[in-house]
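A.B. asks: Its first residue numbered 24, the sequence shown is counted upward by one per residue in the working numbering.
Built from N, CA and C at the ideal position, the CB exists for glycine as well.
I am attaching a structure below and will ask some questions about it afterwards.
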Amino acid sequence: MTLHPFDTEETLDPPDWPQMAALAHRMVDDAVAHISGLRERGVWQPMPEEVRAFFRTPVPEQPGDLAQAYAELRQHLLPYSMGNIHPRFWAWYMGAGSFTGALGDFLAAVDGSNLGGGNTAACELDRQVVTWIKSMMGFPATASGTLTSGGSMANLVCLTVARNAGAGVDVRAEGITALPKPLRFYASDQAHSCIQKGMEILGLGARSLRLIPSRGDFTMDVAALEAAIAEDRASGWKPVCVVATAGTTNTGAIDDVPAIAGICRAQDLWLHVDGCIGALLKIAPANHARVDGIEQADSLSLDPHKWMHVPFEVGCALVKDAGLHRDCLALHHAYLEEKPRGIGAGEFLADYSFELSRSLKALKVWMALKENGVAKFGRLIDQNIAQAQYLTALVEAEPRLALMAPTTINVVCFRHVVPGADEARLAALNTEIMLRLQEQGIAAPSDTTIHGRHCIRVAITNHRTRREDLDLFIREVLRLGQEIESGAA
Ligand SMILES: *Cc1c(COP(=O)(O)O)cnc(C)c1O
């Protein structure tokens, strides 16, 4: 063992750059093989105990061999990933990733800039991506926006601006205890859980979010919304904001945004649209009319890591009135003063964000848009919706299957039925079908319960899915249904 002389300074740079380059090239080659060979592998597989054990080894104290660490990762990490990049993954609601996106994350790290702000090309690129998204969404150039870690954070940014704008007191200075009346927000009973979490984090409490019942098509009952607002005003609440969902997580239902926007205008309420699923329909040639009106929102959240397949994570919050957005989040202490020149010149991106340090996550969005253009992303969205209609037709043609909700966009809710079976038995059967599909690596749907009825849920947010995958899926659902019903293991 050679000891470093006491005056030798260390660095994290590799001692042998060509050797590092060779390793990096190998990683790229392996990555290409991994992604191009997806269809030949199962969607997911359970992790053996020794893999779990590998991730419980203690922190290394001394330097190790990076090539060796990479070999260990190839064995233990990639074979046990979630599977959402596979053509037959349709669980929850996720994008399928892209190789270009992976390169974007790599190049963002190579650039290394901190996106809190600064006089850098990275900040210009971030602003350009936000501007592109504004134009894709029909928002004016004067609106503000920020790229977030995802939709939950984008919704939280927007709810915060809505709260501060509607509070009637200076919430930043006085806090919510200074509110003369409790604030009330509204969303349908199908709204995403992050809306309630947001209310909790904002200190308003879950009860400040009044859930409006959804109708048979799972959209918000707009008449019930109007009645709730009137009732709340009469009983001492201060109605502040309506959250409309453009594409619910359960079924893909799209709230009647034009009608809700009319109510918000008449009642002087903030309109926030949670468009994490559906906002991108705006760019889909055959389906954009479904989200007419979202451009009227005071704020809009969306998720490029869903229907644009940008690798995790990137969400986006847009706010129509940039001044209100800035008033909510800008804060400059002495060490963060704005300067007329130099590296720190220009408006801070952190003036629109909770976070100060952020990565150049904009780069993977920028590269994806440069490579494909808005039009191709729009066609891929239409393609998923056509595939969901195809799957719906397969379900409707099969007497052993029942459609459980109208298919609006790319989410299909259905279940295997058995004559005479009650709800509990059907829930058990369909859960078991779903779990076997996942465990056997065949396909990955998820499940949910809507209006009290359990169902298998297929959300086709996947640029790799083909119709033959859906044919195979239905064949396997029926096979497993028979296997389970006949008591076979
Ligand atoms: C996915 C989703 C969210 C949360 O987004 P994340 O990116 O997972 O944080 C919010 N709202 C809706 C409607 C969603 O589908």
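Could you tell me whether any non-hydrogen atom of ligand 1 is closer than 7 Å to the CB of N407?
C.D. replies: In the sequence shown, counting from the first residue as 1, residue 407 sits at position 384. No - ligand 1 has no heavy atom lying nearer than 7 Å to the Cβ of N407.
A.B. asks: Keeping to the same chain, check which residues put their C-beta closer than 8 Å to that of P281; ignore five residues upstream and five downstream.
C.D. replies: Counting from 1 along the sequence shown, the entry for residue 281 is found at position 258. The answer, listed in chain order, is D315, G316, Q319.
A.B. asks: Compare the C-alpha of L292 against each of R459, D39, A267, P81 and name the closest.
C.D. replies: Locating residue 292 in the sequence shown gives position 269, where the first residue counts as 1. Cα-wise, what sits closest to L292 is A267.
A.B. asks: Mind checking whether A302 and A269 have CB atoms under 8 Å apart?
C.D. replies: Here residue 302 refers to the residue found at position 279 of the sequence shown. Here residue 269 refers to the residue found at position 246 of the sequence shown. Result yes, Cβ atoms of A302 and A269 sit closer than 8 Å.
A.B. asks: Any idea what DSSP makes of S509, helix, strand or coil?
C.D. replies: Here residue 509 corresponds to residue number 486 of the sequence shown, with the count starting at 1. Looking at S509 - three-state DSSP - the assignment turns out to be coil, as it is neither helix nor strand.
A.B. asks: To the nearest angstrom, how far is it from the Cα of G161 to the Cα of D212?
C.D. replies: Sequence index remark: in the sequence shown, residue 161 carries index 138 (1-based). Sequence index remark: in the sequence shown, residue 212 carries index 189 (1-based). Taking the straight line from one Cα to the other gives about 27 Å.
A.B. asks: Flag this pair as yes or no: are the beta carbons of L424 and V440 separated by less than 8 Å?
C.D. replies: Along the sequence shown, one-based indexing puts residue 424 at 401. Along the sequence shown, one-based indexing puts residue 440 at 417. Yes.
A.B. asks: What's the C-alpha gap between R233 and E249?
C.D. replies: Working through the sequence shown from its first residue, we reach residue 233 at position 210. Working through the sequence shown from its first residue, we reach residue 249 at position 226. For R233 and E249, the distance between alpha carbons rounds to 12 Å.
A.B. asks: Out of P468, T80, L449, L323, point me to the one whose CA is closest to G504's CA.
C.D. replies: As a working note, residue 504 is residue 481 in the sequence shown. It is L449.
A.B. asks: Quick one: what does DSSP say T274 is sitting in, helix, strand or coil?
C.D. replies: One-based indexing of the sequence shown puts residue 274 at position 251. Coil.
A.B. asks: Determine contact between the stretch 200-216 and the stretch 372-392, defined as no fewer than three beta-carbon pairs at a distance below 8 Å.
C.D. replies: Taking 8 Å as the limit for Cβ pairs, the verdict is that the stretch 372-392 does not touch the stretch 200-216.
A.B. asks: Do L202 and S231 have their C-beta atoms within less than 8 Å of each other?
C.D. replies: Position 179 of the sequence shown holds residue 202. Position 208 of the sequence shown holds residue 231. No, these two residues do not count as a Cβ contact at 8 Å.
A.B. asks: Please state the DSSP three-state secondary structure of A210.
C.D. replies: Translated into positions along the sequence shown, residue 210 becomes position 187. Reduced to three states, the DSSP call for A210 is strand.
A.B. asks: Can we count D297 as close to ligand 1, meaning its CB is less than 7 Å from some heavy atom?
C.D. replies: Within the sequence shown, the letter at position 274 stands for residue 297. Yes - ligand 1 has a heavy atom lying nearer than 7 Å to the Cβ of D297.
A.B. asks: Distance, Cα to Cα, R288 vs A253?
C.D. replies: Along the sequence shown, one-based indexing puts residue 288 at 265. Along the sequence shown, one-based indexing puts residue 253 at 230. Their Cα atoms are separated by approximately 14 Å.
A.B. asks: Can you tell which of I497, H295, S237 has the C-alpha that lies nearest to the C-alpha of A428?
C.D. replies: For the purposes of this step, residue 428 is identified with residue 405 of the sequence shown, where counting begins at 1. Ranking I497, H295, S237 by Cα distance to A428 puts S237 first.
A.B. asks: Just verifying my parser: in three-state terms, what is the DSSP assignment at S380?
C.D. replies: Counting from 1 along the sequence shown, the entry for residue 380 is found at position 357. Of the three classes helix, strand and coil, the one that applies to S380 here is coil, per DSSP.
A.B. asks: Excluding the five sequence neighbours on either side, which residues of its own chain have a C-beta within less than 8 Å of the C-beta of P163, listed in chain order?
C.D. replies: Within the sequence shown, the letter at position 140 stands for residue 163. The answer, listed in chain order, is K157, K343.
A.B. asks: Suppose the cutoff is 7 Å on Cβ atoms and the five residues either side in sequence are ignored; what does the same chain contact list for L493 look like?
C.D. replies: For the purposes of this step, residue 493 is taken as residue 470 along the sequence shown, with counting starting at 1. Within the same chain, L493 has close Cβ partners Q410, Y413, L414, L417.
A.B. asks: Any contact between the stretch 51-70 and the stretch 106-118? By contact I mean 3 or more CB pairs, one from each, below 8 Å.
C.D. replies: Counting Cβ pairs under 8 Å, three or more are found: they touch.
A.B. asks: Given this structure, state the Cα-to-Cα distance separating N187 from T242, to the nearest angstrom.
C.D. replies: Sequence index remark: in the sequence shown, residue 187 carries index 164 (1-based). Sequence index remark: in the sequence shown, residue 242 carries index 219 (1-based). If you take the alpha carbons of N187 and T242, they lie about 28 Å apart.
A.B. asks: Cβ of I300 versus every heavy atom of ligand 2: is any distance shorter than 7 Å?
C.D. replies: Ligand 2 is absent from the structure shown, which contains only ligand 1.
A.B. asks: Mapping DSSP to helix, strand and coil, what is S167?
C.D. replies: For the purposes of this step, residue 167 is taken as the residue at position 144 of the sequence shown. Looking at S167 - three-state DSSP - the assignment turns out to be strand.
A.B. asks: Can you tell me the Cα-Cα spacing of V153 and V397, whole angstroms?
C.D. replies: The residue given as residue 153 occupies position 130 in the sequence shown. The residue given as residue 397 occupies position 374 in the sequence shown. Roughly 14 Å between the two C-alpha positions.
A.B. asks: Give a single yes or no on whether G338 has its beta carbon closer than 7 Å to a heavy atom of ligand 1.
C.D. replies: Locating residue 338 in the sequence shown gives position 315, counting from the first residue. Yes, the beta carbon of G338 sits closer than 7 Å to at least one heavy atom of ligand 1.
A.B. asks: What alpha helix (DSSP H) runs, 4 residues minimum, are completely inside the stretch 77-141?
C.D. replies: Whole alpha helix (DSSP H) segments, 4+ residues: 89-99, 122-134.
A.B. asks: Hey, N453 and D470: beta-carbon distance below 8 Å or not?
C.D. replies: By 1-based counting over the sequence shown, the position of residue 453 is 430. By 1-based counting over the sequence shown, the position of residue 470 is 447. Taking 8 Å as the Cβ cut-off, N453 and D470 qualify as a contacting pair.
A.B. asks: Confirm, please, whether the CB-CB distance from C299 to M208 is below 8 Å.
C.D. replies: Position 185 of the sequence shown, counted from the first residue, corresponds to residue 208. Position 276 of the sequence shown, counted from the first residue, corresponds to residue 299. First, the amino acid is wrong: residue 208 is Phe here, not Met. Contact flag unset, no.
A.B. asks: Do the stretch 96-103 and the stretch 345-356 touch if we need at least three Cβ pairs shorter than 8 Å?
C.D. replies: Verdict: no, contact absent.
A.B. asks: How big is the Cα-Cα spacing for L392 and W260?
C.D. replies: Within the sequence shown, residue 392 is the residue found at index 369, counting from 1. Within the sequence shown, residue 260 is the residue found at index 237, counting from 1. Roughly 44 Å between the two C-alpha positions.
A.B. asks: Between the C-alpha atoms of P308 and L323, what's the straight-line distance to the nearest angstrom?
C.D. replies: Here residue 308 refers to the residue found at position 285 of the sequence shown. Here residue 323 refers to the residue found at position 300 of the sequence shown. About 21 Å.
A.B. asks: Here's a check: name, in chain order, each residue in its chain whose Cβ is nearer than 6 Å to the Cβ of K384, leaving out the five neighbours to either side.
C.D. replies: Numbered from its first residue, the sequence shown carries residue 384 at position 361. Closer than 6 Å at the Cβ level, and outside the excluded window around K384, lie L170, V337.
A.B. asks: On the criterion of 16 or more Cβ atoms from any shown chain inside 10 Å, does T272 qualify as buried, or is it exposed?
C.D. replies: Counting from 1 along the sequence shown, the entry for residue 272 is found at position 249. Label assigned to T272: buried.
A.B. asks: For the alpha helix (DSSP H) that H348 lies in, which residues bound it at each end?
C.D. replies: Walking along the sequence shown from the start, residue 348 turns up at place 325. H348 -> alpha helix (DSSP H) spans 345-352.
A.B. asks: Just to confirm, is the Cβ distance from A131 to L386 under 8 Å?
C.D. replies: The sequence position of residue 131 within the sequence shown is 108, counting from 1. The sequence position of residue 386 within the sequence shown is 363, counting from 1. Yes, Cβ-Cβ distance for A131 and L386 is below 8 Å.
A.B. asks: Which value, in whole angstroms, describes the spacing of the CA atoms of G10 and G510?
C.D. replies: With the chain covering only 24 through 512, there is no way to say anything about residue 10.
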